[in-house]
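A short write-up of the structure that comes next.
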Amino acid sequence: MAEVRLVDVSKHYGSHKVIENFNITIKDGECLTFLGPSGCGKTVVLRLIAGFERPNAGEIFIGSTLVSSAEKNVFLPPEQRKIGVVFQDYAVWPHMTVFENVIYPLKIQKVEKEEARERTRKAIAQVGLAGLEERLPYQLSGGQQQRIALARALVSKPQILLLDEPLNNLDAKLREEMRFEIKELQKETGVTILYVTHDQEVALALSDRIAIMDAAGRIRQVGTPEEIYEQPADSFVFKFMGVSNFIPLAKQDGRVWLESTEEEVKALQFLAQTGQDGKILAACRPSDIELTREDTGTRARVQRATFLGPTIDYSVNLGGMNLRVQQDTHEAISNNLLFKEGETCFLKFHHVKSFAHEAEVEGLM
Amino acid sequence: MKFPRLAKGLSGLKKFGVAELVLLVSIAILVVVVAFPILLIFWNAFTTPEGKFNLKDVVTILSQPQTYEALWNSVVIAAGVTALSTVLGVFFAWLVTRTDLPFKNLMKLLFVVPFMLPSFIGAIAWKILCSPRGGYLNVFLVNLLGLEKAPFNVYTMTGIIIVETMYLFPFVFIQVSGALERMDPTLEESALISGIDLFTITRKITFPLITPSFVAGALLVAMYSLSHFGVPSVLGQNAGIYNIPTLIYQAIHASGGSFNAIRTGTVLASLLVLAAALILYLQNLVLKKGRYQIIAGKSMRPMLLKLRGLRVPMLVLSILYIAVTVLLPTVIIFLVGALKTYGLPLKFTNMTLDNLKYIFTWKMTRDSIKNSVILSVGAAVVTMLVGTMISYVIVKAKVKGKFILEFLGMLPYSVPGTVIALGVILAWSGKFGINLYNTAGIIFVAYIARYMAFALKSTSASLEQVHDSLEEASRACGASHWQALKDIVLPLIKPGMISAFFMIFFPALRELTTSVLLYGPTTRTIGVAIYALHEDGETVYATALASIALVIIVIGEIIIRRLSKAERRNA
Amino acid sequence: MAQVELVHVTKRFGKVTAVNDLNLKIEQGECFSMLGPSGCGKTTTLRMLAGFEDLDEGEVIVGGEIYSSSVKKIYIPPNKRNFAMVFQAFAVWPHLNVYENVAFPLKDRRLPKAEIKERVDKALQHTGLTKVKESYPNELSGGQQQRIALARAIALNPTVMLLDEPLSNLDPKLREEMRFEIKELQRKFNYTVVFVTHDQAEAMAISDRMMIMDHGVVQQVDAPMKIYNHPANKFVFGFVGLSNFIPVRVQEGGAVVESAPEAGVLTREIPAGFKAPSATLACRPSEIAFVSEGEGGVKGVVKRRAFLGEVIDYRVMIGATEIRVQKLYRQGLLREGETCYLRFNRLHWYEA
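If you read the sequences in order, they're chains P, A and V. Position in the first sequence (from 1) plus 3 gives the number in the numbering used here. Position in the second sequence (from 1) plus 106 gives the number in the numbering used here. Position in the third sequence (from 1) plus 15 gives the number in the numbering used here.
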């Protein structure tokens with residue numbers, strides 16, 4: 004178990020700068036997730052730590068060992084870094100049985116035979132594959148293959164476990180199942196985990212801390228899932244964490260207007276109580292907007308109502324802007340708050356966040 | 107540091123690791139075995155012995171009627187064979203994939219069988235059957251129908267084209283039936299539900315979509331036919347029909363390898379290389395332009411055209427085609443190989459096993475079998491191993507300068523067998539310190555050059571399927587580069603290596619085009635021996651040896667099929 | 016535009032009965048979806064309707080005319096049905112550009128040039144492809160390729176439009192977007208649409224009525240809201256949303272969890288006619304509330320908790336029975352290992 008530290012790390016492919024002066028510390032025993040859109044460089048960071056890539060600048064430490072340094076010309080090859088890696092495509096060796104796959108790292112390390120067999124059996128049992136030791140990978144499902152990869156990565160007791168979108172190729176149900184299992188394995192073994200994904204739900208469910216990366220390879224925010232969800236650093240983070248409504252507003256003297264039509268939005272007046280006057284960007288989730296029939300001073304028109312089972316999904320028009328609203332089906336029925344397309348309704352807002360306006364410029368809308 | 111420059115130099119040296127070394131070795135092998143001989147051909151064709159640029163001789167050679175007639179013949183034969191192969195290949199491929207023809211899977215297998223029959227042996231068989239003077243089929247038909255003269259004459263351009271087509275059309279068949287099978291059936295269904303009838307769909311949707319495949323197959327046939335020696339040589343020489351490869355052979359053999367003959371040969375060979383390069387270029391052009399994504403996501407059965415009343419006639423037609431092109435020649439080879447004397451009627455009383463016994467006791471034929479087996483096993487092993495190494499560098503290694511290897515790796519695909527033979531004569535006849543002339547060594551080097559393309563294709567395809575993460579996973583488990591290679595990569599590409607071995611072993615076993623220019627008194631191969639016996643009029647012994655060769659080939663093919671089936675079951 | 020009727024339709028592949036005695040009437044102008052797990056027979060039904068598969072038994076009647084009938088030996092081939100179909104793998108012709116893809120079937124019908132142009136332009140306009148009409152499919156995104164297929168279908172002006180999992184190859188965001196586009200086109204042109212999918216949210220969002228199938232047998236046909244609120248059986252309940260199935264024992268005073276009768280009573284209201292000592296109660300994770308001790312909830316222990324953003328997903332153990340509970344993030348947090356009390360709302364009763 005060890006802490007992993009990246010200090011001013013840069014990686015370029017030709018003239019393309021994937022990451023530049025990248026700094027982060029993964030604490031001993033924690034599960035840290037890099038969450039970001041595809042192509043943001045999160046996988047490259049993982050590969051730099053694993054030693055599959057060399058940094059162009061900066062230093063990487065695993066524990067107290069310097070494993071990569073461009074300046075000092077230090078480079079420890081992957082096999083000497085005491086890591087475990089699980090890949091998106093499983094990377095289970097098709098010509099070896101489950102047992103052979105899992106015992107391989109111990110064979111390479113020349114662990115004494117009886118001990119190796121014992122540890123392998125334990126690791127296989129740990130991921131719930133006991134009894135399938137003699138199977139070949141093609142006889143197993145995708146989820147089972149990914150479990151082999153997990154067992155193989157854990158059997159040699161690595162200092163850090165690197166997981167590169169390991170659940171991507173699994174169906175939704177299995178993904179959910181494996182999410183729990185990875186979490187449980189971490190609790191059992193105490194291993195430090197670096198997890199890379201673009202799926203915010205997995206990140207929220209699994210991580211002790213999340214680092215949100217943007218398309219340019221910069222870290223936007225690092226924090227616990229609750230912090231990230233409740234106190235997003237900027238509109239990028241907010242947008243990345245779920246379906247979002249953004250409302251560009253102007254505020255002055257305790258009142259707010261829609262920037263586009265200069266209509267006053269009474270339902271959002273509470274935003275004007277604090278902060279300076281000027282432009283702001285209000286943001287909320289579909290479930291933070293309530294549709295009612297009582298006059299809140301903010302009128303909207305239902306553009307589209309879609310029944311989705313437990314929820315009803317609305318698109319409502321407020322001053323030329325479409326907002327997504329989600330309603331609990333049973334609550335709506337029992338409170339007689341079902342709205343038809345074309346109907347007029349009033350809006351109530353809860354838990355609205357506001358951001359400085361310049362975020363809009365980044366084309367997030 | 108005190109000596110910054112020295113330190114830099116040392117770290118530079120450190121960077122020159124194993125990968126760079128392997129790259130250099132790979133480049134060296136391809137240069138020595140393939141690139142250098144081809145360059146020598148161009149050099150020889152376009153310079154005087156003093157090393158001055160010389161176009162006069164080239165013009166002289168090309169303006170001889172003999173030369174341009176051969177060139178014309180080559181082009182006509184290639185064009186005819188390509189056209190005919192394309193029509194037959196596309197038709198039969200469509201028949202077995204898109205109609206309700208009975209026994210489709212069996213027929214699919216049978217249509218590839220002509221590949222197993224060496225084309226020059228086929229040509230000998232057709233000569234025996236359809237020679238205007240006493241061909242068995244001709245005699246039979248004359249007697250049966252009371253004709254005045256033989257109905258068939260195989261010693262014609264048409265004869266050559268038809269016989270070559272019989273053995274080359276599977277190239278098109280395999281490509282097209284593969285494309286039709288992989289094609290997403292909803293592409294056709296969507297047209298059908300839009301109100302378009304099946305005939306229009308076939309014309310306007312299906313065929314345009316498989317165009318890249320059948321063009322690829324057709325160009326393969328064209329390239330092969332252009333540089334083909336066996337059939338034109340067996341059927342053309344009697345009637346004075348030469349194509350470029352047979353003319354090269356003629357020039358070199360008639361003169362016993364004189365300077366002028368070699369010069370003529372290299373000029374003609376240069377033409378072949380240019381033609382091959384042009385075809386390869388066209389092929390890339392077509393493939394690049396028409397690389398449609400037509401592969402199905404979901405596997406579904408395509409709509410099959412109901413042949414209704416034509417079902418049985420089409421089956422009969424297919425079976426008849428196989429019977430005429432494969433069965434009939436094979437049977438005639440075996441029968442004639444057992445005749446007491448050539449020309450006797452094919453009756454059981456005229457048969458004997460003495461011919462076979464003689465083949466196994468006669469030193470010349472025995473040696474030829476031994477030579478062929480040793481050469482083809484040796485060439486297959488060496489080419490497979492070298493090919494694996496080169497493919498590994500091309501597909502997997504991250505080294506600078508890889509592009510040189512990628513370029514050199516393309517070369518073997520475009521060099522016809524005749525050209526390789528001439529090239530190795532120029533390179534390995536002592537002029538550059540090593541003299542392999544008249545030894546088995548020279549044939550060995552030629553085989554390696556000739557079959558390198560097969561090895562590269564097969565091993566690089568299987569290497570591409572070994573995803574990088576498999577290797578990286580083992581590195582993460584603590585394995586060094588070499589351990590990862592040994593434990594993960596090699597076992598996974600083993601099937602590709604084995605198939606490379608057989609892809610080289612079988613063609614090499616029956617090779618004629620290259621060996622016929624390179625053999626010495628003690629280094630005849632099976633192909634050369636059959637060819638020479640046939641040239642000398644020893645038809646019975648030629649066919650007896652040919653039947654032994656066929657038996658070896660068939661047994662071999664069966665063994666591979668078994669092996670690869672077992673392999674697939676384990677994989 | 017026409018009404019579609021399937022009468023006693025049965026289809027077998029070898030020994031497997033893919034569709035078993037299916038009876039169905041789809042109204043003119045209706046958006047109807049067929050929903051079920053893979054292999055349930057929904058695609059086979061659609062393909063029989065299209066004429067790609069023949070029927071072993073029964074009849075397909077469109078607008079009063081028999082299109083397929085096994086007994087009467089009637090079979091109108093797909094190209095004579097005047098339908099249009101959109102496929103999962105797009106099935107746009109890669110060698111034709113966008114305009115030609117849409118125009119090809121019309122040209123084949125030898126319509127006047129001006130009419131072809133008008134119909135194609137209109138279809139491209141409705142699918143937002145006017146700007147890319149000169150492009151080839153491989154230059155376009157998956158969503159745009161599927162729009163070509165839609166435009167091709169619209170230009171045909173079909174009596175019935177068949178959609179075979181048209182959104183399954185698209186990424187989730189696009190899938191949601193195109194779902195609305197299809198719905199809008201259907202309304203605008205008043206098409207009869209038959210839509211096959213395995214995604215229950217998609218089916219509910221798009222259809223006027225839907226049919227749920229399993230193993231070739233129809234389970235329920237009704238409007239989405241009706242199906243969600245009144246599922247006909249356990250299978251339907253499980254298929255249209257997240258679900259808990261709780262084995263219970265029915266005793267005096269109410270139903271208790273089979274594996275932990277002492278934990279408390281789930282409900283005291285036992286529907287009339289439920290005499291059996293055992294039953295299965297079905298309940299959605301969002302319909303379960305955490306209540307305080309003493310409020311009469313069933314006692315359990317939180318085994319797992321996952322933070323998913325808007326909702327928190329709990330796995331609660333009542334004895335050996337695992338119950339999934341989903342609560343909005345803002346409704347308070349329970350820790351793993353904590354004892355809790357559950358109140359079950361809107362329980363559905365099924366035979367054990």
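Each residue gets a CB set at the ideal place from its N, CA and C atoms; glycine is no exception.
Alpha carbon to alpha carbon, how far is residue 253 of chain V from residue 291 of chain V? Give it in angstroms, no decimals. Put simply, the backbone Cα of residue 291 of chain V is about 22 Å away from that of residue 253 of chain V.
Given residue 482 of chain A, which residues of its chain have a CB within under 7 Å of its CB, disregarding the five upstream and five downstream residues? Closer than 7 Å at the Cβ level, and outside the excluded window around residue 482 of chain A, lie 611, 614 and 615.
Nearest-angstrom Cα distance between residue 100 of chain V and residue 201 of chain V? Approximately 14 Å, taken between the alpha carbons.
Hey, how far is the Cα of residue 116 of chain V from the Cα of residue 123 of chain V? Those two C-alpha atoms are separated by around 12 Å.
Taking 7 Å as the cut-off, decide whether the C-beta atoms of residue 461 of chain A and residue 650 of chain A are in contact. If you check the CB distance, residue 461 of chain A and residue 650 of chain A come in under 7 Å.
Three-state secondary structure (DSSP) at residue 557 of chain A? The three-state secondary structure of residue 557 of chain A, taken from DSSP, is helix.
According to the neighbour-count rule (16 or more other Cβ atoms, all chains shown, within 10 Å of its Cβ), is residue 309 of chain A buried or exposed? Classification of residue 309 of chain A: exposed, given that the 10 Å Cβ count is below 16.
How long is the line joining the alpha carbons of residue 134 of chain P and residue 76 of chain V, rounded to whole angstroms? Answer to the nearest angstrom: the Cα atoms are 54 Å apart.
Along the alpha helix (DSSP H) that carries residue 356 of chain V, what are the first and last residues, could you check? Run containing residue 356 of chain V: none in the alpha helix (DSSP H); it sits in the beta strand (DSSP E), 354-359.
Give a yes or no on whether 7 Å exceeds the smallest Cβ distance from residue 331 of chain P to chain A. Not closer than 7 Å to any Cβ of chain A, the Cβ of residue 331 of chain P fails to qualify, so no.
Can you check whether the C-beta of residue 585 of chain A is within less than 7 Å of a C-beta belonging to chain P? So, interface residue.
Is the separation between the beta-carbon of residue 553 of chain A and that of residue 635 of chain A shorter than 7 Å? Not closer than 7 Å, so no.
Does DSSP put residue 43 of chain P in a helix, a strand or coil? Looking at residue 43 of chain P - three-state DSSP - the assignment turns out to be coil, as it is neither helix nor strand.
Amino acids of chain V, ordered along the chain, whose beta-carbon sits closer than 7 Å to that of residue 314 of chain A: Simply 110.
Within 8 Å, do at least three Cβ pairs link the region 38-50 of chain P to the region 10-22 of chain P? These segments touch.
Going by the beta-carbon positions, is the gap between residue 169 of chain V and residue 198 of chain V smaller than 7 Å? No.
Which runs of the alpha helix (DSSP H) at least 4 residues long sit entirely within the region 264-300 of chain A? Give them in chain order. Every alpha helix (DSSP H) of 4 residues or more that sits fully in the region 264-300 of chain A is shown, in chain order, as 276-288 and 292-299.
Report buried or exposed for residue 334 of chain A, applying the criterion of at least 16 other Cβ atoms within 10 angstroms of its Cβ. If you draw a 10 Å sphere on the C-beta of residue 334 of chain A, you find 16 or more other C-beta atoms in it, and that means buried.
Quick one: complete beta strand (DSSP E) runs, 3+ long, within the region 118-202 of chain V? Within the region 118-202 of chain V, the complete beta strand (DSSP E) segments at least 3 residues long are 175-179, listed from N- to C-terminus.
What does DSSP give as the partner residues of residue 267 of chain P in its beta bridges? Per DSSP, the beta bridge partners of residue 267 of chain P are P/260.
With distance defined between alpha-carbon atoms, name the residue in A/365, A/421 and A/323 nearest to residue 389 of chain A. Of A/365, A/421 and A/323, the residue nearest in Cα terms is A/323.
Please tell me whether residue 292 of chain A has its Cβ less than 7 Å away from any Cβ of chain V. Residue 292 of chain A counts as touching chain V.
Can you give me the start and stop residues for the beta strand (DSSP E) that residue 197 of chain P sits inside? Residue range 195-200 is occupied by the beta strand (DSSP E) that includes residue 197 of chain P.
7 Å Cβ cut-off: residues of chain A touching residue 99 of chain V: Near residue 99 of chain V (Cβ distances below 7 Å), the residues of chain A are 299 and 300.
Any chance you could list the beta strand (DSSP E) runs of at least 3 consecutive residues sitting entirely within the region 61-99 of chain P, in chain order? Those beta strand (DSSP E) runs which fall completely within the region 61-99 of chain P and span 3+ residues are 68-72 and 86-89.
Who are the neighbours of residue 204 of chain P on chain V, taking C-beta pairs under 8 Å? The answer, in chain order, is 323 and 324.
Those runs of the beta strand (DSSP E) which lie wholly inside the region 118-174 of chain P and span at least 3 residues: Qualifying beta strand (DSSP E) stretches, in chain order: 163-167.
Buried or exposed: where does residue 229 of chain A fall if 16 or more other Cβ atoms within 10 Å of its Cβ makes it buried? By the neighbour-count definition (other C-beta atoms within 10 Å, threshold 16), residue 229 of chain A is a buried residue.
Compare the C-beta of residue 170 of chain P with all C-beta atoms of chain V and state if any pair is closer than 7 Å. False, the Cβ-Cβ gap to chain V never drops below 7 Å.
Does residue 318 of chain A pass the burial test, meaning 16 or more other C-beta atoms within 10 Å, or should it be called exposed? With 16 or more Cβ atoms within 10 Å of its Cβ, residue 318 of chain A is classed as buried.
What does the alpha-carbon distance come out to for the pair residue 262 of chain A and residue 331 of chain A? In this model, residue 262 of chain A and residue 331 of chain A are separated by some 16 Å (Cα to Cα).
List the residues of chain A that residue 106 of chain V touches, going by C-beta distances under 8 Å, in chain order. Those within 8 Å of residue 106 of chain V in chain A are 290, 292, 293, 295 and 296.
What residue range is occupied by the uninterrupted alpha helix (DSSP H) comprising residue 209 of chain P? For residue 209 of chain P, the enclosing alpha helix (DSSP H) starts and ends at 203-209.
In three-state DSSP terms, what is residue 107 of chain P? Correct three-state label for residue 107 of chain P: helix.
Name, in chain order, the residues that DSSP records as bridge partners for residue 116 of chain V. For residue 116 of chain V, DSSP records no beta bridge to any residue.
Within a Cβ cutoff of 8 Å, which residues of the same chain sit near residue 508 of chain A, ignoring the five residues on either side of it in sequence? Annotation for residue 508 of chain A: 129, 499 and 500 place their beta carbon closer than 8 Å to its own, counting only its chain and skipping 5 residues before and after.
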